[in-house]
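Protein chains in written order, with the working numbering: chain A, 1 to 164; chain B, 1001 to 1164.
No residue lacks a Cβ here, since even glycine has one placed at the ideal position from N, Cα and C.
Written out below as structure tokens is the structure these notes cover.
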DNA sequence: CCTAAACATTTTAGACTTAAAACATCTCGA
DNA sequence: TCGAGATGTTTTAAGTCTAAAATGTTTAGG
């Protein structure tokens, strides 16, 4: 290996066009699917995607979650969750109470109504997803799962590096 | 094949848990990476992601684009583009003029300032993407590209079916 | 030529989103 | 126990986003 080829990697700008294209394709896929789910949720149930997502988190936590938990799980800001929860409490889908052991903490749960409505939506939602990913074989799905897991790990390390 | 096994596929709810997990993982990856890019754009250039994305579209179109074109390419609503463009014209990054041949149409371009600033941001942006996807091998990238292309096609067909 | 439909954009009303600051509460060590 | 820092939530200001209605312009068919 010559000196030139060694320094090249360090000094000359490398070509990352492939990674850039990959990122744009990933973004396109997600935006496309998200938009479709959003449309169907509105048409069929007159509900927004963020509300559905929040209810989905709570459906998996019968004992409730704190706002911080929700914020971390949904990867959105704290303030965002505050407003979302406010509207869902208002509409009777959520119950909010201050924790008995720590008065800073708000614990939220699905109400009976909220759970019932969510379950109906979730059942249909699952068929939409199956429809949207319908062209993929089982092997495709497995392979995508594997590669996206690797991607997620790679991205998390990049986030970590920046925060150091 | 028995009658039971034939009717099963039609009448009984199928299990689409894998596709659902795949969708959630796809969404997680995109949200994670999008958040990271957003943070770095803000920290480093004090610019928002939608503005960067809009400038990226225009950088590829030296002769300008109509608002409709931009709206379709970015997969966002028309009204959204109107506001985004307004702010970027205000800050001197974009030039907007009514088409000579069709007074309904607004043609927007990067100004000299806009192009210069975008090029600086884009160069750094590309290194961030390379960093974020750094753990993937060339083969991983190729395979992801292929599977996401298939996913996109599948999703587009689902959108089409609904709109019929 | 006229006008109905198509098209491009803007406006409107409301929801979502973020980052940062403010506020409230808790924890822990001196 | 007292106060400093950590933690959980809300508030604030600004921007992004959508769907739907409104506005302005063009195009085509009669």
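Rounded to whole angstroms, the Cβ separation of residue 107 of chain A and residue 99 of chain A is 5 Å, and the two are in contact under 8 Å. Per DSSP, the beta-bridge partners of residue 108 of chain A are A:65, A:96. Residue A:59 holds the alpha-carbon nearest to the alpha-carbon of residue 121 of chain A among A:23, A:59, A:33, A:18. At a beta-carbon threshold of 8 Å, the residues of chain B lying near residue 133 of chain A are 1019, 1022, 1023, 1151, 1154, 1155, ordered along the chain. The count of Cβ pairs closer than 8 Å, one atom from the stretch 29-49 of chain A and one from the stretch 1011-1029 of chain B, reaches three, so the stretches are in contact.
When the beta-carbon positions are compared, residue 1147 of chain B and residue 20 of chain A stay at least 9 Å from each other. DSSP places residue 1039 of chain B in the helix class (H, G or I) of the three-state scheme. Residues of the stretch 1051-1062 of chain B that bring their beta carbon within less than 7 Å of a beta carbon in chain A are absent altogether. When C-beta atoms of the stretch 68-77 of chain A are compared with those of the stretch 110-127 of chain A, fewer than three pairs fall below 8 Å, so the two segments do not count as touching. For residue 1060 of chain B, there is no enclosing alpha helix (DSSP H), since its DSSP letter is neither H nor E. Residue environment for residue 1097 of chain B: exposed (fewer than 16 other C-beta atoms within 10 angstroms of its C-beta). Using beta-carbon distances, residue 121 of chain A does not count as an interface residue toward chain B, since no partner is under 9 Å.
Not flagged as an interface residue toward chain A: residue 1116 of chain B, since no C-beta distance is shorter than 9 Å. Against residue 1141 of chain B, the close residues of chain A are 18, 19, 22, in the order they occur along the chain (beta-carbon pairs closer than 8 Å). Rounded to the nearest whole angstrom, the CA to CA distance from residue 1016 of chain B to residue 1156 of chain B is 19 Å.
Proximity of chain A to residue 1031 of chain B at the Cβ level (cut-off 7 Å) is accounted for by 75, in chain order.
Below the 7 Å Cβ cutoff, chain B contributes 1016, 1020 as neighbours of residue 126 of chain A, in chain order. If you look at residue 1145 of chain B, you'll find it in the alpha helix (DSSP H) that goes 1138-1163. Cβ contact annotation for residue 1036 of chain B (same chain, cutoff 8 Å, sequence separation greater than five): 1128, 1132, in chain order. Residue B:1049 holds the alpha-carbon nearest to the alpha-carbon of residue 1034 of chain B among B:1043, B:1044, B:1049. Residue 81 of chain A and residue 71 of chain A do touch by the CB rule: their CB atoms are close to 5 Å apart, below 8 Å. Measuring C-alpha to C-alpha distances from residue 151 of chain A to each of B:1039, B:1068, B:1154, B:1136 identifies B:1136 as the nearest. Chain B places no beta carbon closer than 9 Å to that of residue 71 of chain A, leaving this residue out of the contacts. Annotation: Cβ neighbours of residue 36 of chain A in chain B (cutoff 7 Å, chain order): 1155, 1158, 1159. The beta carbon of residue 65 of chain A does not come within 9 Å of any beta carbon belonging to chain B, so the residue lies off that interface. Secondary structure of residue 1016 of chain B (DSSP, three-state): coil.
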